[in-house]
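Visitor: Could you have a look at this structure, given as structure tokens, before my questions?
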Amino acid sequence: VDLTPHEKKILELIRKYPKVITDPAIRREIAEKNNLSEKTLRNRIADFKKYGLLGTDKKIVSEKSPKPLITKSDEINLVAVWYTLIQRKWFIFKITGLFTTIGIIYSVLATPYYKSTISLYPAGEISESSSILGGNFKGVAESFGFGGLGSAPTYNIPDIINSRRLKKDIVLKLWINSLYPNGSNLIKYWVIDKPTWFAPRK
501 VDLTPHEKKI LELIRKYPKV ITDPAIRREI AEKNNLSEKT LRNRIADFKK
551 YGLLGTDKKI VSEKSPKPLI TKSDEINLVA VWYTLIQRKW FIFKITGLFT
601 TIGIIYSVLA TPYYKSTISL YPAGEISESS SILGGNFKGV AESFGFGGLG
651 SAPTYNIPDI INSRRLKKDI VLKLWINSLY PNGSNLIKYW VIDKPTWFAP
701 RK
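Under my numbering, the first residue of the sequence shown is numbered 501, with each subsequent residue one higher.
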């Protein structure tokens, strides 16, 4: 900002007597000693604040130019970045808080959507040769009621393993364990049925 000689003189007075910014009595006294009116000094203080020469927190801003974010050697000045973040901290907090609040409100009030898929196969028995199914897949399929093996390969084994029916049967089956000698399903064993401390949906 280009200042007139008169404005530079007043700015030097303010730097020499910083209390003139906040104390009307001292401002009046300093103005009279320097052949100024208290109103003129008060108006110049307001102008300097607009120019950015005086801080809004009643502290005088240094005339030193701000440190560049990129140094002459094309390196990032971390100190300058840190000071910039400090100066903009309230703006960052406001923006972060705004979007966090919007995200929480949306997650609580938004209607949940679910997706399901289905695979259709020709009518017939579950079939894959034992060489394709393997002993493990065969035992899993038969133990949950998917029938025996046939000769015609009409079923896709990954679809069976990933099917909702098989998963449901595994989860709801009573498994004998040390905590529940009489058996319990996996929901009860892993305590999934008990609500957590934060459960907005019932």
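We put the beta carbon where it would ideally sit given N, CA and C, even for glycine.
Given the structure is predicted, the values throughout are model-derived calculations rather than measurements.
Taking P681 as part of the alpha helix (DSSP H), name the residues at either end of that continuous run.
Guide: Segment: none, P681 is in no alpha helix (DSSP H) and carries neither H nor E.
Visitor: For N534, tell me which candidate among I570, E507 and D502 has the shortest Cα-Cα distance.
Guide: Here the closest residue by C-alpha is E507.
Visitor: Between the alpha carbons of A546 and A525, how many angstroms are there, rounded?
Guide: The straight-line gap from Cα to Cα measures roughly 17 Å.
Visitor: Please report how far the alpha carbon of K550 lies from the alpha carbon of N543, in whole angstroms.
Guide: So the two alpha carbons sit approximately 11 Å from each other.
Visitor: Which residues mark the beginning and the end of the alpha helix (DSSP H) in which W582 is found?
Guide: Where W582 is concerned, the enclosing alpha helix (DSSP H) stretches over L578 to Q587.
Visitor: Whose C-beta lies closer than 8 Å to the C-beta of S457 among residues of the same chain, with five residues either side of it excluded?
Guide: No answer is possible for residue 457: the residues shown for the chain start at 501 and end at 702.
Visitor: Report the CB separation of S684 from L672 in whole angstroms; it is logged as a contact under 8 Å.
Guide: Rounded, the Cβ-Cβ distance is 10 Å, inconsistent with contact.
Visitor: Beta carbon of L656, beta carbon of S607: below 8 Å?
Guide: Residue 656 is actually Asn in this sequence, not Leu. For N656 and S607, no; Cβs fall outside 8 Å.
Visitor: By Cβ distance below 7 Å, which residues in the same chain neighbour E529 in space, the five residues on each side in sequence not counted?
Guide: Once the five neighbours on either side are set aside, E529 has no close Cβ partner at all.
Visitor: Could I get the ranges of all uninterrupted alpha helix (DSSP H) runs contained in the region 526-559, with 4 residues as the minimum, in chain order?
Guide: For the region 526-559, whole alpha helix (DSSP H) runs of length 4 or above, ordered along the chain, are 538-551.
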